[in-house]
Amino acid sequence: MSPNLTFASDEAVYPSVASSSAVASAATPASITANEILTVQNLSKIFGPKPERAADMLRQGLGRNEIFQQTGNMVAVDNVSLGVRAGEIFVIMGLSGSGKSTLVRLLNRLIEPTSGKVVLEGRDIAPMSTPELREVRRKKMAMVFQSFALLPNRTVIENVAYGLEVAGQKKTERYEVARKALVRVGLGSYEKLYPGELSGGMQQRVGLARALAVNPSVLLMDEAFSALDPLIRFEMQNELLRLQKEEQRTVVFISHDIEEAIKIGGRVGVMKDGRLVQVGTPAELIQTPADDYVRNFFRNVDISRFLKASSLLSKVEKGLFMCDTGASSEGYLNQLIDSGVDCGYVCDESGRYQGSVTPASLRQCGKGPIRDALLRDIATVAPDTDLHDLSAIALSQTHDVPVVDTAGKLAGVVSCRTILKQVMQRRAA
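The numbering of the sequence shown is the numbering used here, which starts it at -13 and goes up by one.
Written as structure tokens, this is what we have:
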């Protein structure tokens, strides 16, 4: 084989629909990408007697506080647009009064919007009748509340099966579904107990099981874990991540806790004064915050646990050899030198990483098989390796750190300089 150098290129659970009429939306029709299950477009909520006047003032550029002083209207959500992808946990976070809890209640019309659209699986929920909306809440968009919202006079299994009961499902069928949901949240043996006999964490698991029982397209969770003790809260976060990994649930999660947000969120939307300031992965928010408001959320957080190799790596564009390790190393030396890099990466023809080489190791190998030139002291990491572990490797390794995925393929490399730069930035902050 000749050398070859390539380049990688239930109204007890849900209140009645608000009776106030919504101002007609001036938004254009929502545009939904292929993998978006929920799309929000130009969504606003203004509380007060004359929302139209407040909306005009917003369009003129007046601020939230100024509008309140002049009109008595409170702008709770201001022209928010976002898309939630199928199978992701999308966290909406912000300080108290930022509008995050109002926003999540606009998604299922527990609160009527002043303007804008909410499109679920291609259908705008704004023009839906009350019966249609109830069906959406029961089957498509379940909600888990901070206060658990359990019925104290019903057993655990009766609470979990409640939504199915309201939907008219037979008792034997709904209990079978409810039992499966209880098993999934680790409460399979507690079905005959009452909520008052359970701890706070267990009650929240019942609330989660009740939402899962209806098998919703989207699960809304409003500060669902904030009332729990720290240890139980940690366990519930892990439980949610486990369920999401196994079932690929689509979750919109409201939180004011940045550590919780970056732990469970695939993407995070940060709100301030009713506006959506920035949306991005935890790594994007950490590395490129939109402003000081976003940056300050991370000021007292040890983000080394959340900044992963996958967000720091760069693709290998030079010095990538695709060959059998039994091939003669003769000829690869000049190609590596010509590429202008001091370390090359050997992969088989399927892209699975075999090892790294340097000009020195190739010279020493001579005409022998390239496997004999592979360096033995180059550590590899998985894409989810955090900054803390990466920094330990960077301090003991001269060359860039290869990132290898679960299939054994080379995803890219993280330079030691990038790792140490991130560590120094964290210390300076």
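Yeah, the Cβ is synthetic: ideal placement off N, Cα and C, and Gly gets one too.
- Per DSSP, the continuous beta strand (DSSP E) segment holding D64 begins and ends at M60 to R71.
- At least 8 Å separates the beta-carbon of I248 from that of V256.
- With fewer than 16 other Cβ atoms inside 10 Å of its own Cβ, G312 counts as exposed.
- Here V327 is actually not in contact with K294; their C-beta atoms are around 24 Å apart, not less than 8 Å.
- The Cβ atoms of L206 and M114 lie no closer than 8 Å to each other.
- Between G251 and V77, the C-beta spacing is below 8 Å.
- The C-alpha of D110 lies about 34 Å from the C-alpha of R219.
- At a cut-off of 3 residues, the continuous stretches assigned as beta strand (DSSP E) that sit fully inside the segment 300 to 325 are 306 to 308.
- Between H385 and the set A368, A397, D372 and T404, the nearest pair of CA atoms involves T404.
- Closest option to A368, judged by alpha-carbon separation, among N286, K395 and A41: K395.
- A Cβ-Cβ contact shorter than 8 Å links P345 with L319.
- Setting aside the 5 residues that flank it on each side, G193 is surrounded in the same chain by V130 and F134, each with a C-beta closer than 6 Å to its C-beta; the list follows chain order.
- For the set I75, V122, K258 and V70, the Cα lying nearest the Cα of F239 is the one of I75.
- The DSSP assignment places 268 to 273, 278 to 283 and 295 to 298 as complete runs of the alpha helix (DSSP H) inside the segment 255 to 303, in order along the chain (cut-off: 4 residues).
- DSSP, read as helix, strand or coil, puts G193 in helix.
- Taking a cut-off of 8 Å for Cβ pairs, the segment 25 to 32 and the segment 50 to 69 touch, as three or more such pairs fall below it.
- Sequence-distant Cβ neighbours of A72 in its own chain, meaning closer than 6 Å and more than five residues away, are N21, I23 and T236.
- As summarised for the segment 337 to 407, the continuous alpha helix (DSSP H) elements at least 4 residues long and confined to that stretch are 345 to 351 and 373 to 380, given in chain order.
- Between the C-alpha atoms of R124 and A164 there is a straight-line separation of about 14 Å.
- Shown here, Q56 sits in a helix according to DSSP, grouped into three states.
- The shortest CA-to-CA distance from G330 to any of S315, N59, L306 and A213 is the one to L306.
- DSSP places G149 inside the alpha helix (DSSP H), whose first and last residues are Y148 to V152.
- Between the alpha carbons of L137 and E162 lies a distance of about 20 Å.
- Nearest to I97 by C-alpha distance, out of A380, S87 and G58, is S87.
- Closest in C-alpha terms to S347, from the list Y339, Q264 and D363, comes D363.
- In this structure, K258 sits away from G398, with a CB-CB distance that is not shorter than 8 Å.
- The C-beta distance from L106 to S203 rounds to 7 Å, short enough to meet the 8 Å contact threshold.
- Nearest C-alpha to S315 among G149, E209, C351 and Q223: C351.
- Boundaries of the alpha helix (DSSP H) harbouring L119: T116 to K125, taken from the DSSP string.
- CA-to-CA, the gap between I379 and T366 works out to about 9 Å.
- In the three-state scheme derived from DSSP, where H, G and I count as helix and E and B as strand, A128 is classed as strand.
- T25 is bridged by DSSP to G69 and V105.
- Between M188 and Y180, the C-beta gap is not smaller than 8 Å, which leaves the two residues out of contact.
- Within a 10 Å sphere around the beta-carbon of M43 sit 16 or more other beta-carbons, which makes this residue buried.
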